[in-house]
Amino acid sequence: MPDDYRKYLDPATVGKLASLELKARLVVEGFIVGLHKSPYHGFSVEFADYRQYMPGDDIKHIDWKIYGKSDRFYIKQFEEETNLKGYIILDASASMGFRAPDSRLTNGLTKLEYGCYLAAALSYLMLRQQDAPGLLVFDEKVRAMIPPRGTRSHINNILKELDKTNPQSGTDTGLAFHELAERIKRRGLIIVISDLLDDPVKTLTGLKHFRHRKHDVIVFHVLDPFERNFNYSAEARFRDLETGEMILTNPNQIRPAYIEKLGEYIEKFKQGCRESHIDYHFLDTSTPFDKALFGYLAKRSRLG
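336 is the number that the numbering used here gives the last residue of the sequence shown; the numbers go up by one with no jumps.
Written out as structure tokens, the structure reads:
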């Protein structure tokens, strides 16, 4: 059904419907409530379209209702002051379709499903802040590109694209990043959601290309708990989701070496991002979404 995405507007409980829009909205609303009840309430969301009064500002733009609530002077920001361009870059390669054998740890989500929920929530949060979200989907190449817009109805364009995104093909993360760095003309905030299962040197070089183009960058590195811990118990054949290659191995024998190598791999990305002034956040598909949203909001607050 072409308009099937509209089911996301159904006001049903999140636990009973696989509703991308509803999940995203409730995640963000819950996150905002949590901010007000936490030490981080200074990260304002509902006043994101205001900024504090500064000497030289026209006093006619002071919002006296906000002053009554906060005992501080705030003025309404103009669109060009608030409209940050956010580019959410989602990895839809075949490896993102991995689902843990024991879904109790991950609510049955694949990495791509987790990434889609996160992308939807980030888009919703950006619009709440008067910013402009856009979406770019890639695997071996760029598959879809929705330019950033700040209108409320724009969320439907993003949700429709996410709704039809399926894991497929191999990965060429570095090539896709280089292509996007050249195609994205206006400086903004790049948000990468990926398992980063590709050549780390090429991937980091692609991320540095964004920085060279003066973009700010956040990386959400998403893995499944089973990928992290290799909690398989019996000898089995493992298939590469992108190449189809099969290998027979005993998990108990290789687990220590596997975990060590994966740790080195993750550390390589952490260090590479740190050296390039890129915000890096490791998540797995059991991680609550508020961790990622706070990482985004902390970055956004530093951008002004």
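We put the beta carbon where it would ideally sit given N, CA and C, even for glycine.
None of the values given here were measured: they were computed from a predicted structure.
| Asked | Found |
| --- | --- |
| Test item: CB-CB of L221 and G118 under 8 Å | yes |
| Reduced DSSP secondary structure (H/G/I, E/B, other) of T196 | One detail in the question is off: residue 196 reads as Lys in this sequence, not Thr. Coil, per DSSP. |
| Cutoff 8 Å: P288 Cβ touching any chain D Cβ | The question asks about chain D, but that chain is absent: this structure has only one protein chain. |
| Under 8 Å between C-beta atoms of I250 and K143 | no |
| Whole-angstrom distance between Q285 and D316, CA atom to CA atom | 24 Å |
| Cα-Cα separation between L212 and D311, rounded to whole angstroms | 19 Å |
| L154 to F326 span [Cα, whole Å] | 10 Å |
| CB of S125 within 8 Å of CB of S185, strictly | no |
| Buried/exposed call for I291, threshold 16 Cβ in 10 Å | exposed |
| Cα-Cα separation between T275 and F314, rounded to whole angstroms | 25 Å |
| Given K302 as reference, the closest of F252, P179, K173 and H247 once Cα atoms are compared | F252 |
| C-alpha gap between F209 and G238, whole angstroms | 5 Å |
| Strand pairing of K117, partner residues [DSSP] | A164 |
| Terminal residues of the beta strand (DSSP E) in which I178 lies | V174 to I178 |
| Cβ-heavy atom distance, I225 to the ligand GDP, below 7 Å | Summarising the ligand content, the structure contains no ligands, and the ligand GDP is consequently not present. |
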